[in-house]
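Numbering (the working numbering), first residue to last: 313 to 503.
Quick look at the structure:
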């Protein structure tokens, strides 16, 4: 019985150590992101090139976590419509993610082909990332934590959550998956 108790105690100490290490890593990542703006981020695109958010200064930016096999996937058409209509003052950037229901299983090349063939997507698409959990991409950590973005905390509940950034790189608001890109909730900021 004593051996079982000691094993449990050791295991508990081990788990606590792992939790502390994760917490320390998370705190280090948060410190690294503090004081950054959206313009400090560069991400890989679907075609292996670079998307530099500093290139979008002076325009609003609509950032969306996307997926090819989701009930909200038809929003790609609305994203393209908004991108085309407001091209002089808005950039849409899609971020494929496989965090919800395995609905983005494809490779970057497969995702690019799917988006072009089915929805005629011409707006920038980033390489596939994670938008929640321990491996959250730094840009989504920034977008979802008030401590970093200075505006609000956002929990990404599903694919096609949207983040609207103003012309100065500051988060305006976030929108749940059911908010269509063409809805007045978003377009009122573009008129």
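Glycine included, every Cβ here is placed at the ideal spot set by N, Cα and C.
>> Just to confirm the assignment: which complete beta strand (DSSP E) runs, minimum length 3, are found wholly within the stretch 399-475?
In response: 402-408
>> So, at 8 Å on beta carbons, what are the nonlocal neighbours of residue 402 in its own chain, with the 5 sequence-adjacent residues on each side left out?
In response: The residue labelled residue 402 in the question sits at position 90 within the chain shown. Within the same chain, residue 402 has close Cβ partners 371, 372, 373, 374, 394, 395 and 502.
> Closest by CA to residue 500, which one among 489, 488 and 484?
Replying inline: Here residue 500 refers to the residue found at position 188 of the chain shown. It is 484.
> CA-CA distance, residue 493 and residue 456?
Replying inline: Position 181 of the chain shown, counting from 1, holds the residue named residue 493. Position 144 of the chain shown, counting from 1, holds the residue named residue 456. The straight-line gap from Cα to Cα measures roughly 19 Å.
> Does the distance from the CB of residue 357 to the CB of residue 437 come in under 8 Å?
Replying inline: Numbered from 1 along the chain shown, position 45 holds the residue referred to as residue 357. Numbered from 1 along the chain shown, position 125 holds the residue referred to as residue 437. Their beta carbons are under 8 Å apart, which means residue 357 touches residue 437 by this criterion.
>> Could you compute how far the alpha carbon of residue 420 sits from the alpha carbon of residue 471?
In response: Here residue 420 corresponds to residue number 108 of the chain shown, with the count starting at 1. Here residue 471 corresponds to residue number 159 of the chain shown, with the count starting at 1. One C-alpha to the other measures close to 17 Å.
> So residue 374 is in the beta strand (DSSP E); what residue range does that whole segment cover?
Replying inline: In the chain shown, residue 374 corresponds to position 62, counting from 1. Start and end: 372-378.
> Span of the alpha helix (DSSP H) holding residue 479?
Replying inline: As a first step, residue 479 is located in the chain shown; it is residue number 167 there, counting from the start. Taken as a continuous stretch (DSSP letters only), residue 479 belongs to no alpha helix (DSSP H), as it is neither H nor E.
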